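> Okay, here's the structure, questions in a sec.
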Amino acid sequence: MRIGILGAGPGGYVAALKAAQLGAEVVVVEDTEVGGTCLNRGCIPTKAMLASSELYEKIKKADEFGISIDGTVTADLARIVSRKQKVIQTQIKGIKGLFRSWGVVLKQGRGRIVSERKIKIEADTEETIEVDRII
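-2 is the number of the first residue of the sequence shown in my numbering; add one for each residue after it.
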């Protein structure tokens, strides 16, 4: 069975991996980056930034816990943002690695359902793929 999945967000990439694990041939069409909003612009980046902020605040209050820190505690926003980007890229790399391991094909472009079994992929060039099921 060949399955086409529109979008590689949390629903799409999990469905793709499960279908591949069950023996399906899977093609995922994604117009931006795997992981969706949560990974790329929402939950994960926010939590990475919050982790840095919370650690900074804890360090500033270390003396209350009997811990002395010599020198000034500073936050370097550029390094905080760089760390956030590394967290995102690590997760993206992990998803793409799982796709490769399970034989999931990732097609970059905007996917559009054109019939019950066909997806048109619009990128630099257009391609139409035929599948048995579309998610």
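In this text, a Cβ means the ideal position worked out from N, Cα and C, and glycines have one as well.
Keep in mind the model is a prediction, meaning the values are calculated, not measured.
#1: Buried or exposed: which applies to Gly32, given that a residue is buried once 16 or more other Cβ atoms fall within 10 Å of its Cβ?
#2: Can you tell me which of the three DSSP states Gly94 falls into?
#3: Counting only the same chain and skipping the five closest in sequence on each side, list residues whose C-beta sits under 7 Å from that of Ala139.
#4: What is the DSSP secondary structure of Ser65, reduced to helix, strand or coil?
#5: Between the alpha carbons of Lys107 and Thr69, how many angstroms are there, rounded?
#6: Would DSSP call Arg(-1) helix, strand or coil?
Inspection of the coordinates gives the following:
#1: buried
#2: helix
#3: For the chain, the structure presents residues -2 to 132; residue 139 sits outside this window and is missing.
#4: coil
#5: As written in the sequence, residue 107 is Arg, which differs from the Lys given in the question. Roughly 49 Å between the two C-alpha positions.
#6: strand
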